[in-house]
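The sequence shown maps to residues 270 to 301 in the working numbering.
Idealized CB from N, CA, C, for every residue including glycine.
This report concerns only the one structure given below.
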Amino acid sequence: MRVGILGSGLMGGKLGTIFARAGHEVVFSYAR
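If you want it as structure tokens, here you go:
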């Protein structure tokens, strides 16, 4: 599954790590 996360703060980073370890394709987007 493709997962897009807006904002890669503490929560976004943790969720992205969990999804990536489960084998999903993760893309982060942040304003800075």
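Express the C-alpha separation of R301 and V295 in angstroms, rounding to a whole number. 18 Å
Assign R290 to one of three DSSP states: helix, strand, or coil. helix
Please state whether the Cβ-Cβ distance between I274 and G281 is less than 8 Å. yes
Determine the extent of the beta strand (DSSP E) in which G273 is found, giving its start and end residues. 271-275
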